[in-house]
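J.: Got a structure for you, written out below as structure tokens; questions coming shortly.
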Amino acid sequence: MLRPLDEPAKSGIKVLCADGHTRHAYSRIASFLADYPEQYNITGVKYGWCPRLEAANDVGLWKFENCPNLADAHADCNIYTSMNVDRLHQLLKGVFKDHTWEWMVDFLKDIYGAEKALELIDE
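Heads up, the sequence shown is in this note's numbering, so the first residue is 79 and it goes up one at a time.
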């Protein structure tokens, strides 16, 4: 998918800009959005670890050793800091649905009791 950007990342390309001048430009990966399974495949990070993590002491613990990632061919690209949070899956489903919602249900059960809490939730 990103192979066409490999050569422009190394040697650059001539680009016609809006002001009419031609400039020498280099492609860069500044941001990368993917869901978690794609993130750990792209970065070479082991499942269950954060794809943005790169400062751990024992690399073999969280990252597959000798595993190149797609950003290795791109100059000045740190694929770990380029990864962005997938808001739908990681925030909304992960944080809200799994954690906040369960906390809210438990909170309502503590205050109103299980039966009344379930009635309030159904409304």
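From the three backbone atoms N, C-alpha and C, an ideal C-beta is built for every residue, glycine too.
Name the DSSP beta bridge partners of Ile-91, please?
T.: Paired residues: Ala-103.
J.: Assuming Asp-164 contacts Asp-113 (C-beta within less than 8 Å), just tell me the rounded distance between them.
T.: Contact holds; Cβ gap of about 5 Å.
J.: DSSP three-state call for Asn-119: helix, strand or coil?
T.: Looking at Asn-119 - three-state DSSP - the assignment turns out to be helix.
J.: Out of curiosity, what's the CA-to-CA distance linking Gly-90 and Pro-82?
T.: Cα-Cα distance, rounded: 12 Å.
J.: Could you say which of Val-123, Met-161 and Asn-156 lies nearest to Asn-144 if we only look at CA atoms?
T.: Asn-144 has its Cα closest to that of Val-123, out of Val-123, Met-161 and Asn-156.
J.: Could you work out which residue in Pro-86, Thr-121 and Glu-201 is closest to Leu-111 when comparing CA atoms only?
T.: When each option's Cα is compared against that of Leu-111, the closest is Thr-121.
J.: Looking only at its own chain, which residues have a Cβ that is under 6 Å from the Cβ of Gly-126, when we skip the five neighbours before and after it?
T.: So the list is empty, once near-sequence residues are dropped.
J.: Contact check, His-102 vs Lys-92 under 8 Å by CB: the rounded distance?
T.: The pair is a contact, with the Cβ atoms about 6 Å apart (cut-off 8 Å).
J.: Under the assumption that Asn-162 contacts Ser-109 (Cβ atoms under 8 Å), give the Cβ distance between them as a whole number of angstroms.
T.: Their Cβ separation, rounded to whole angstroms, is 6 Å, which keeps Asn-162 and Ser-109 in contact under 8 Å.
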